[in-house]
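Let me begin by presenting the structure, written as structure tokens, before commenting on it.
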Amino acid sequence: MREGFGHPGVKGIVMWAAWHAKGCYVMCLTDNNFKNLPVGDVVDRLLEEWRKVPEKPRTDAKGVFEAELFHGEYRVTVKHESLKEPIVQTVDLDSKSEAKLTC
Numbered sequence: 001m002r003e004g005f006g007h008p009g010v011k012g013i014v015m016w017a018a019w020h021a022k023g024c025y026v027m028c029l030t031d032n033n034f035k036n037l038p039v040g041d042v043v044d045r046l047l048e049e050w051r052k053v054p055e056k057p058r059t060d061a062k063g064v065f066e067a068e069l070f071h072g073e074y075r076v077t078v079k080h081e082s083l084k085e086p087i088v089q090t091v092d093l094d095s096k097s098e099a100k101l102t103c
């Protein structure tokens with residue numbers, strides 16, 4: 001999964017882990033009570049690692065901060081001593097967008 005996720009040509013990953021009443025027989029993520037099995041724990045750890053967003057990023061000398069993020073909606077708060085109040089903006093990212101905030 002890590003190699004696929006890191007490849008620039010991969011646009012998404014679909015995991016098919018269907019549940020069956022008689023139980024799972026290969027690469028099960030959960031048991032029949034939907035409690036994680038070891039494979040499910042590995043997948044959850046990867047997803048958590050990939051979802052990390054810098055909590056308090058700092059800009060460079062030009063006031064620029066860059067991050068690679070998942071598609072989705074992000075609430076961005078900009079704080080600086082020169083601002084009377086923090087600036088809060090919502091940014092919606094898709095596969096073709098870049099978010100540029102101007103303060």
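Numbering (full-length UniProt numbering), first residue to last: 1 to 103.
For glycine and all other residues, C-beta sits at the position ideal for the given N, C-alpha and C.
Residue from the options whose Cα sits closest to the Cα of residue i
i	options	result
HIS80	HIS71, GLY9, LYS56, GLU98	LYS56
ARG75	ALA99, THR30, LYS62, VAL39	ALA99
ALA17	ASP92, LEU83, GLY40	GLY40
LYS96	GLY6, THR77, GLY72	GLY72
TRP19	MET27, ILE13, THR59	MET27
Helix, strand or coil at residue i according to DSSP, with G and I counted as helix
i	result
ARG51	helix
VAL91	strand
ARG58	coil
GLU73	strand
VAL78	strand
Cβ-Cβ separation, residue j to residue i (assumed contact under 8 angstroms), whole Å
i	j	result
ASP44	ASN32	Actually they are not in contact, since the Cβ atoms of ASP44 and ASN32 sit about 18 angstroms apart, beyond 8 angstroms.
MET1	LEU46	6 angstroms
beta-carbon residue i near the ligand ADP non-hydrogen atom, thresh 7 angstroms
i	result
GLY4	Although the ligand ADP was asked about, the structure shown includes no ligands whatsoever.
Does the pairing of the stretch 65-75 with the stretch 45-55 give three or more beta-carbon distances under 8 angstroms? With the cut-off at 8 angstroms, the stretch 65-75 and the stretch 45-55 touch.
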